[in-house]
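Participant:
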Amino acid sequence: MTDDSLTRLLAMLDDLDADVDATIDLADAVAAGGDRALLPRLESELDRAVAERNGYARELLGGVVAGIGGTETLPVLVRASAADLGDDQDGLAAEIVDLVQADPKTAERVLRPLTEDEDLATAHRADWALRFLP
Numbered sequence: 379m380t381d382d383s384l385t386r387l388l389a390m391l392d393d394l395d396a397d398v399d400a401t402i403d404l405a406d407a408v409a410a411g412g413d414r415a416l417l418p419r420l421e422s423e424l425d426r427a428v429a430e431r432n433g434y435a436r437e438l439l440g441g442v443v444a445g446i447g448g449t450e451t452l453p454v455l456v457r458a459s460a461a462d463l464g465d466d467q468d469g470l471a472a473e474i475v476d477l478v479q480a481d482p483k484t485a486e487r488v489l490r491p492l493t494e495d496e497d498l499a500t501a502h503r504a505d506w507a508l509r510f511l512p
């Protein structure tokens with residue numbers, strides 16, 4: 379997938395009238411493209427979604443980040459998940475659990491330091507994620 383696809387996805391996430399199925403399909407396509415060069419922008423947009431309290435964008439962008447970046451992106455996902463936006467986070471939580479279980483060694487290496495993060499919500503969320511180690 380190209381940067382143009384990501385730009386279209388971001389525009390759809392910002393458009394309250396955008397077709398939900400088409401947005402999800404495009405998010406899946408961007409993730410399936412596996413373009414790691416998109417990760418910095420995706421992570422920045424994920425931060426923006428959290429700052430703007432947009433749970434829908436957080437879920438979709440978290441899935442794309444996880445799909446492209448894999449287990450190494452767990453710190454980014456856990457920090458995004460630590461913010462209470464009032465949503466259930468089912469999709470993002472599932473992404474985190476899947477990554478932890480898919481690569482337990484890397485998950486423990488990248489998450490263990492977060493359990494002592496100054497932000498207690500992040501520390502608690504990292505501790506929660508580590509409970510899914512096989």
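For the sequence shown, the numbering used here assigns the number 379 to the initial residue and increments by one for each residue that follows. C-beta: ideal position from N, C-alpha, C; glycine also.
Let me know the secondary structure DSSP gives residue 492 once reduced to three states.
Facilitator: As a working mapping, residue 492 is identified with position 114 in the sequence shown. In this structure, residue 492 counts as helix in the three-state DSSP scheme.
Participant: Nearest CA to the CA of residue 482: which residue from 498, 509 and 420?
Facilitator: Here the question's residue 482 lines up with position 104 in the sequence shown. Nearest of 498, 509 and 420 to residue 482, Cα basis: 509.
Participant: Pull up the distance between the alpha-carbon of residue 427 and that of residue 417, whole angstroms please.
Facilitator: Position 49 of the sequence shown, counted from the first residue, corresponds to residue 427. Position 39 of the sequence shown, counted from the first residue, corresponds to residue 417. Answer to the nearest angstrom: the Cα atoms are 15 Å apart.
Participant: According to DSSP, simplified to helix, strand and coil, what is residue 390?
Facilitator: Taking the first residue of the sequence shown as position 1, residue 390 is located at position 12. Looking at residue 390 - three-state DSSP - the assignment turns out to be helix.
Participant: Using the C-alpha atoms, what's the distance from residue 411 back to residue 430?
Facilitator: Here the question's residue 430 lines up with position 52 in the sequence shown. Here the question's residue 411 lines up with position 33 in the sequence shown. Taking the straight line joining both Cα atoms gives about 27 Å.
Participant: Tell me which residues share the same chain as residue 447 and place their Cβ nearer than 6 Å to its Cβ, disregarding the 5 neighbours each side in the sequence.
Facilitator: Translated into positions along the sequence shown, residue 447 becomes position 69. So the list reads 417, once near-sequence residues are dropped.
Participant: What are the boundary residues of the alpha helix (DSSP H) that includes residue 479?
Facilitator: Mapped onto the sequence shown, residue 479 falls at position 101. Run containing residue 479: 468 to 480, per the alpha helix (DSSP H) assignment.
Participant: Would you call residue 487 buried or exposed, if buried means 16 or more other Cβ atoms sit within 10 Å of its Cβ?
Facilitator: Along the sequence shown, read from residue 1 onward, the residue named residue 487 stands at position 109. So residue 487 ends up on the exposed side.
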